Ligand code: EPZ
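In the working numbering, the protein residues as written are 3 to 409.
Have a look at this one:
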């Protein structure tokens, strides 16, 4: 179990280069299973989740090589084996095995898919997309002889189900139309990658039209991670400093930039860089909604900012209850109350603590508290944060943090 030891209290100032987006990289990696060829992926983040995803691909026979910033994924000689449950249970994106393995091998085992356990995470929409294209879903395995294009109608936007529906139909026979899709930037990144590999996929608003095609090797540069960028901007403010994030996908981050300004921050955007520092903290009300709204993955990051300033309110319309992390933040002094999918965060006096990471973003929220208060704090089970933040120790040390990660 990894531990982060922090000696907090110093304002963090300086520049951080944001890595490739975790939630864009993961569907792209799994989509390589559909491809009979060698794909070139630039800017793939080296984080816990992508390592597990690449290990899952290797278990089917993929050959993966890193050359500078490019990762080459050779998926010409693959064969199906039951995925290793120890890997599958580590990451949520292992659900993407459903679409990719059914497309390539005509089979996929069902097993407990992992990832952050902050809420019920059903897969009914993923399974109904499989059935629509002609697969039969049994207790522990999904099978199909050949996938046939179909109409799929989702009654709410789901990132994972949209990814799987695209993976199922990219090489299926005929035309598929998916309505009610998620439109997060990572969905467009997946579409761009598959189109570079010979797919025929067009998105128009929440509707995606796909004509099944044979795929060859594809090429893409993974977009910058807006959640990582938002996290470091918030961290700079939290410590009374000013962090500038480079490689930020500014046009995707309008809702985040607006929220920082409502908090009272002075935000400056230039090319692909954003900097933020606080003038005077305001009470902040946030509602997390599917893209283009404020991202649910940043609401845990804004909670400590509210506590350290004038308090605030969070309503999360994406997840039933994504507030378990607030119990852990209370050990740093964050006061809050939760009712269903709403939380009130009170202005609080924060202090040092020892805590166990509740989940990926909740873990980053703990680290923000730890770095903002004078004295030593410890965060256990730090692998959870490293699942989504590349090179954390070096990036934070470079802006003045006293931080050590040990085993
Ligand atoms: C993705 O999870 C992200 N994970 C999550 O980020 C993110 O919080 C979430 O999208 C929403 O943006 C990855 O990309 C790997 P959903 P996903 O399907 O795809 C309901 C992070 O911190 N639903 O869009 O699992 C579901 O319960 C992680 O980086 C069904 O009802 O989320 C939720 O209420 C955490 N049935 C809503 O849809 C289904 O079959 C949206 O979930 C599927 C989902």
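Positions of the beta carbon are idealized from the N, C-alpha and C atoms, including for glycine.
Only a predicted model underlies this, so the values are computations on that prediction, with no experimental measurement involved.
So is the beta-carbon of residue 124 under 7 Å away from any non-hydrogen atom of the ligand EPZ? Checking every heavy atom of the ligand EPZ against the Cβ of residue 124, one is found closer than 7 Å.
Where residue 308 falls: helix, strand or coil (DSSP): If DSSP states are grouped into helix, strand and coil, residue 308 belongs with the helices.
For the ligand EPZ, I want to know if residue 119 counts as a neighbour, meaning its beta carbon is within less than 7 Å of at least one of the ligand's heavy atoms. No, Cβ of residue 119 sits at least 7 Å from all heavy atoms of the ligand EPZ.
Near residue 6, which residues of its chain fall below 6 Å by C-beta distance, leaving aside the five closest residues on each side in sequence? 381, 384, 407, listed in sequence order.
What residue range is occupied by the uninterrupted beta strand (DSSP E) comprising residue 208? In the DSSP assignment, residue 208 falls outside any beta strand (DSSP E), carrying neither H nor E.
With DSSP as the reference, please indicate the residues paired to residue 285 in a beta bridge. Residue pairing for residue 285: DSSP places it in no beta bridge.
Run the proximity test for residue 385: is its beta-carbon closer than 7 Å to any non-hydrogen atom belonging to the ligand EPZ? In terms of side-chain proximity, the C-beta atom of residue 385 is found no nearer than 7 Å to any non-hydrogen atom of the ligand EPZ.
Alpha-carbon to alpha-carbon, residue 374 and residue 238: About 9 Å.
So, residue 128 versus residue 100, is the Cβ gap smaller than 8 Å? Against a cut-off of 8 Å, the Cβ pair of residue 100 and residue 128 comes out as a contact.
Host beta strand (DSSP E) of residue 457 (start-end): This structure cannot settle anything about residue 457, because the visible part of the chain is limited to 3 through 409.
Any non-hydrogen atom of the ligand EPZ within 7 Å of residue 163 CB: Yes - the ligand EPZ has a heavy atom lying nearer than 7 Å to the Cβ of residue 163.
Burial state of residue 311, where buried means 16 or more other Cβ atoms lie within 10 Å: By the 10 Å Cβ count, residue 311 comes out buried.
Can you tell me which of the three DSSP states residue 263 falls into? Reduced to three states, the DSSP call for residue 263 is helix.
Is the beta carbon of residue 42 within less than 7 Å of some heavy atom of the ligand PLP? Inclusion of the ligand PLP in the displayed structure is not the case, the ligand content consisting of the ligand EPZ alone.
Between the alpha carbons of residue 366 and residue 34, how many angstroms are there, rounded? Roughly 30 Å between the two C-alpha positions.
C-alpha gap between residue 333 and residue 212, whole angstroms: When rounded, the distance between both Cα atoms is 49 Å.
So for residue 118, helix, strand or coil by DSSP? Residue 118 carries a coil assignment under DSSP once its states are collapsed to helix, strand and coil.
Using 10 angstroms around the beta-carbon of residue 68, count the other beta-carbons present and answer buried if the total reaches 16, otherwise exposed. Exposed, because fewer than 16 other Cβ atoms sit within 10 Å of the Cβ of residue 68.
Comparing alpha-carbon positions, which option in 313, 299, 393, 409 lies nearest residue 121? Residue 299 is the option with its Cα nearest to residue 121.
Can you give me the C-alpha to C-alpha distance between residue 260 and residue 295, rounded to a whole angstrom? Counting only the Cα atoms, residue 295 lies some 11 Å from residue 260.
Of the listed residues 368, 353, 257, nearest to residue 359 (C-alpha basis): Looking from the CA of residue 359, the closest CA among 368, 353, 257 belongs to 368.
Residue 341: buried (16+ other C-beta within 10 angstroms of its C-beta) or exposed? Burial state of residue 341 is exposed, judged by a 10 Å Cβ sphere holding fewer than 16 other Cβ atoms.
Run through the region 15–40 for me and flag every whole alpha helix (DSSP H) of 4 or more residues, listed as ranges in chain order. Listed in chain order, the alpha helix (DSSP H) elements of length 4 or more contained wholly in the region 15–40 are 24–33.
Given a threshold of 16 other Cβ atoms within 10 Å of its Cβ, counted over all protein chains shown, does residue 308 qualify as buried or as exposed? The residue is buried, with at least 16 neighbouring Cβ atoms inside 10 Å.
Report buried or exposed for residue 282, applying the criterion of at least 16 other Cβ atoms within 10 angstroms of its Cβ. The residue in question, residue 282, is exposed, as its Cβ has fewer than 16 Cβ neighbours within 10 Å.
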